[in-house]
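Residue numbers (our numbering): 27 to 148. The structure under discussion appears below in the form of structure tokens.
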């Protein structure tokens, strides 16, 4: 059942020191799959780890998300409106983010997430 995560399979994050070329090879494979837009291959490669530098790009490609200038400007406008007005629900979103991301080792962008959740909830 779990053959894909068996010890014989190379996993990024575990085998990096034993096989230094693994990160370089996986990076090349993932970049090529992103260029082709081939989602099934990206999913297969992701099962064995995605280098941190490629995670946003790979996830956007797998999910079919295209973020351009208009979307970035829209989000910035929402963030500006957030700074102007405070709603009763804003504190609830901050509390939810604080509870969800309680470990700073794993989630260092707590403020950004709280602001984005509040902005998108309006």
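From the three backbone atoms N, C-alpha and C, an ideal C-beta is built for every residue, glycine too.
Asked	Found
Would you identify the three-state DSSP class for residue 64, choosing helix, strand or coil?	coil
Can you grab the Cα-Cα spacing for the pair residue 79 / residue 51, in whole Å?	14 Å
Answer yes if the region 109–123 comes into contact with the region 138–147, meaning at least three C-beta pairs across the two stretches below 8 Å, and no otherwise.	yes
Got a sec, what are the start and stop residues for the alpha helix (DSSP H) residue 125 sits in?	114–126
Is the region 98–113 touching the region 123–137 in the sense that three or more CB pairs, one from each, lie closer than 8 Å?	no
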